[in-house]
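The numbers in the sequence shown follow my numbering, run straight up by one, and end at 1121.
Cβ coordinates follow ideal geometry from the N, Cα and C atoms, glycine included.
Values in this document were obtained by computation on a predicted structure and should not be read as measured data.
Report on one structure; see the data block that follows.
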Amino acid sequence: MRRQPPHWPRSPRLQEAAPRLARPPRGRRGNRPSRGCHWPSASRSPGNRRARRRGGAGSWGGGAAAAGAGPGPRSLDSGGEMAAPVSTKAAWKLQEITAHSSNVSSLVLGKSSGRLLATGGDDCRVNIWSVNKPNCIMSLTGHTSPIESLQININEELIVAGSQSGSIRVWDLEAAKILRTLFGHKANICSLDFHPFGSFVASGSLDTNIKLWDVRRKGCVFRYKGHTQAVRCLRFSPDGKWLASAADDHTVKLWDLAAGKMMFEFTGHAGPVNVVEFHPNEYLLASGSSDRTVRFWDLEKFQVVSCIEEEATPVRCVLFNPDGCCLYSGFQDSLRVYGWEPERCFDVVLVNWGKVADLSICNNQLIGVSYAQSTVSSFVVDLSRVTKSGSVPHGLIRDDKPLVQPTPTGSSLRRIYDRPSTSCSKPQRVKHNSESERRSPSSEDDRDEKESKAEIQNPEDYKEIFQPKNAISRTPPRNNEPFPAPPEDEPVTAKEAVKPNQAVEVQTPLPKQELPDQIQRPPIASSTPVTRAELSVIPAARNEPIGLKATDFLPAVKNQSQTELVDEEAVSQIRKGHETMCVVLTSRHKNLDTVRAVWSTGDIKNSVDSAVAINDLSVVVDLLNIVNQKASLWKLDLCTVVLPQIEKLLQSKYESYVQTGCTSLKLILQRFLPLITDMLAAPPSVGVDITREERLHKCKLCYKQLKNISNIVKNKSGLSGRHGSAFRELHLLMAVLE
């Protein structure tokens, strides 16, 4: 498909904003950048305010010198002999903090420094952190519903947050105030991104629309329509002319901002596309999907370059190396390094970070963050010990020696971006402005500013990080130091977040020979016991045992005595629980073997019937997780059997059961709800049509079951967090039943 020359739409607002969106002159082919030099390294660096901000000593709390990240230097011991180098880790856990009073729903890392972290939670707050510091710097309020999406601009001066209600708020971090509140979406905000140069924000929503906002003028510049399901990821191209969008409809779309239209639609993924990322230099786009593949697309020829299909889990997080030599992909408990011409895996690094949510690179270190419930964990990978080319066979990192940096590879014939000159590359005069003059010139009205507050919880860190210095230092600003790598045998301890109005007490660990035999702990301030509220839904990901009972998966035993246990009885009870769990797992294994024997015959309907007849929801969940991976396996007669089981799963107390039920119900609604409604609304046919009557009977059964499920979905759509978002999406799909 050859790209047509762009044309200006009739929208006056977009026509007025277009010169700021696409500043460089048009090249020889449409509005693509003319062939020129590689994307300069200064394009990703912040402006003078950011450089002055970094001038303070220890602005981000990086730690020791760069030598600490790799093998330690040799030194002379007391005997005058050369000591052996200290073996350090290639990947380690940096810290773990309690970020919110409720579940964390989203987070994002600043891509410029890799040290700024923003988290959003079900408590409707946006908290700002410095990586490797346990205390919250700032807490942003104003949203009335849980935060669904976050993004920080390239200069790390602005942050935008989207909520479940569809509202968008933009804060100025340096001025510590609300800058804009944007309304227009009708459902959850699923994705956000800042334009690399102009004051524009793109938002993608569950309502399938993409909107481009002018932050300065507080208005929607243009709306891009074309996706049929939720838009999960948005990315501006490095030159600021294009916008890539990934959605649950299995497609990736490329939009021309100046022309206000779609340039091309990339198809090929077999599942929802979760993430897209532009190559920093070349006309190349990477996309990761729930079908467990990573695809690379040529943006000049509009065709697939390669596809990596060896993954075991859905792809949710990808990031190109700054020089474009490779792609990093964060998977559950591992980091993988890929090349695309040809497709290959350079390296696999084991990192115990669970489901990583965002990645950032700074000082040859990759920072990864993940969250589970109310805790956020950060991890570091030393990229000097990661293979980034095919010269070394890939595998698990076991060598402590840093690897030689490879030269960037890629297609020499592929076009490269041309970045326009901006104010960041021009000399600027330094003005000694007061705090009131420095604050944002245009902000929301007083009413909205009172509703949206920026609570500075750590003034020292706030001034050190966000407020620029009034004078320029005679020496160049110091770069952030890399995080020191711990020795191989050193355990990493977690850090607790410091809550507001709570004193910070720093304790220095004593040497082993100075540790006292007994440590006197201070008395607890309050004698009131802290009780944890019983969870209505048991989460699938958790950091500690939550008290699951093996007897919950076995038939109930009546008249069981509840007496206080002595030590011997407690040990006996523990052993009994182990035996009970063995019985549960043995029974489940036997049931799965029975279902697998039926599955091998190729009859999906009988396989589901056998799983339902066993009367074990865990077996049904395991089977549905397989069927959900391939939508073509679903038939109308299968829906009549599965829908009653979905009704049970949606009311389960286990999060994994609820997620499986929501996924199956969503597939049924998307594929069969139009057929069901059309069959019920059609007039009776003339004559005898046995096939049509059987189909009509199945549609009536499905309709009756869907009506029962719709009441459950409606009652649970008011929940917060990921479950509430899934139920609200199902409620929108089931609106035709009301």
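Check each candidate in E531, A1118, S588, F762 and name the one with the smallest Cα separation from K472. Comparing C-alpha distances from K472 to each of E531, A1118, S588, F762 shows the shortest one belongs to F762.
Can you tell me whether A474 is buried or exposed, with buried defined as 16 or more other CB within 10 angstroms of its CB? Buried, because 16 or more other Cβ atoms sit within 10 Å of the Cβ of A474.
Should T611 be labelled buried (16 or more other beta-carbon atoms within 10 Å of its own) or exposed? Residue environment: T611 is assigned as exposed (fewer than 16 neighbouring CB atoms within 10 Å of its CB, all protein chains considered).
Measure the CB-CB distance between K1083 and L1019 and report whether it falls below 8 Å. Not a contact, by the Cβ cut-off of 8 Å.
Quick check: L1116 and L1089, are their CB atoms within less than 8 Å of each other? Not in contact: L1116 and L1089 (Cβ atoms no closer than 8 Å).
Give a yes or no on contact between the region 955 to 967 and the region 978 to 994, applying the rule of three or more CB pairs nearer than 8 Å. Taking 8 Å as the limit for Cβ pairs, the verdict is that the region 978 to 994 does not touch the region 955 to 967.
Between the alpha carbons of V720 and A996, how many angstroms are there, rounded? Note on geometry: alpha-carbon atoms of V720 and A996 lie some 45 Å from one another.
What is the residue span of the alpha helix (DSSP H) that L1021 lies within? Here the alpha helix (DSSP H) through L1021 covers 1019 to 1033.
Limits of the unbroken alpha helix (DSSP H) element including Y1086: Counting along the chain, the alpha helix (DSSP H) containing Y1086 begins and ends at 1073 to 1099.
One or two residues paired with P870 in a DSSP bridge: The secondary-structure analysis by DSSP pairs P870 across a beta bridge with T471.
Presumed contact (8 Å Cβ cut-off) between K738 and R678, rounded CB distance: R678 and K738 do not touch by the CB rule: their CB atoms are close to 21 Å apart, not below 8 Å.
Which runs of the beta strand (DSSP E) spanning at least 3 residues fall entirely within the region 703 to 776, listed in chain order? Within the region 703 to 776, complete beta strand (DSSP E) segments of at least 3 residues are found at 710 to 714, 717 to 723, 726 to 733, 739 to 745, 748 to 755, 758 to 765, given in chain order.
Report the option in S582, R600, D639, G623 whose CA atom is closest to the CA atom of N607. In the sequence as displayed, the identity of residue 607 is Tyr instead of Asn. Residue D639 is the option with its Cα nearest to Y607.
How about N538: is its Cβ closer than 7 Å to a heavy atom in the ligand NAD? Of the ligands one can find in the structure shown there are none, so the ligand NAD has no counterpart to examine.
Hey, how far is the Cα of G1101 from the Cα of G1107? For G1101 and G1107, the gap between their C-alpha atoms comes out near 6 Å.
Note down the Cα distance separating V659 from E539, rounded to an integer number of angstroms. When rounded, the separation of the alpha-carbon atoms in V659 and E539 is 21 Å.
Just tell me which of V764, G497, L541, G671 has its CA closest to the CA of N735. Distances from the CA of N735 to each of V764, G497, L541, G671 were compared; the closest alpha carbon is that of V764.
Can you tell which of L595, G587, E665, N510 has its C-alpha closest to the C-alpha of V614? Here the closest residue by C-alpha is G587.
For a test of the three-state rule: what should DSSP assign to S673, helix, strand or coil? Assigned with DSSP and collapsed to three states, S673 falls in coil, not helix or strand.
Buried or exposed for S955, going by 16 or more other Cβ atoms inside 10 Å? Exposed: under 16 other Cβ atoms inside 10 Å.
Sequence-distant residues of its chain with Cβ nearer than 6 Å to T650 (five each side left out): Residues of the same chain with a CB within less than 6 Å of the CB of T650, apart from the 5 flanking positions on each side, are T634 in chain order.
Starting from F1055, trace the alpha helix (DSSP H) both ways and give me its first and last residue. DSSP places F1055 inside the alpha helix (DSSP H), whose first and last residues are 1038 to 1064.
At the level of alpha carbons, what is the spacing between N1011 and Y1037? Whole-angstrom Cα-Cα distance: 18 Å.
Chain C within 8 Å of S1015, Cβ atoms only: Protein chains in the displayed structure number just one, and chain C is not present.
Residue from L1021, E951, I744 whose Cα sits closest to the Cα of G1163: This structure does not reach residue 1163, given that the chain is present from 384 up to 1121, and the question cannot be answered.
For W723, which residues of its own chain have a beta-carbon under 6 Å away from its beta-carbon, when the five flanking residues on both sides are left out? F679, V688, S689, listed in sequence order.
Would I1092 pass as a contact of I1029 if the rule is Cβ separation under 8 Å? Taking 8 Å as the Cβ cut-off, I1092 and I1029 qualify as a contacting pair.
What residue from F1055, E692, L718 has the CA that sits closest to F703's CA? If we check each option's Cα against that of F703, L718 comes out closest.
Which listed residue (Q686, D706, N1098, N974) has its alpha carbon closest to that of E665: For E665, the closest C-alpha among the options Q686, D706, N1098, N974 is that of D706.
Within the continuous alpha helix (DSSP H) that includes A1123, where are the two ends? Residue 1123 is absent from the model: the chain starts at 384 and stops at 1121.
Using the rule of at least 16 other Cβ atoms within 10 Å of the residue's Cβ for burial, across every protein chain shown, is P1057 buried or exposed? In the assembly as shown, P1057 is an exposed residue. Its beta-carbon has fewer than 16 other beta-carbons within 10 Å.
Check whether the Cβ atoms of H483 and S757 lie closer than 8 Å to each other. Yes, the Cβ-Cβ distance between H483 and S757 is below 8 Å.
State buried or exposed for L595, treating a residue as buried only when at least 16 other CB atoms are found within 10 Å of its CB. Label assigned to L595: buried.
My output table needs one value for A558: the three-state DSSP class, helix, strand or coil. Residue state, collapsed to three classes: coil.
In whole angstroms, what separates the C-alpha of S470 from that of P869? Distance between the alpha carbons of S470 and P869: 9 Å.
Specify, as a first and last residue, the run of the beta strand (DSSP E) that V635 falls within. Start and end: 635 to 639.
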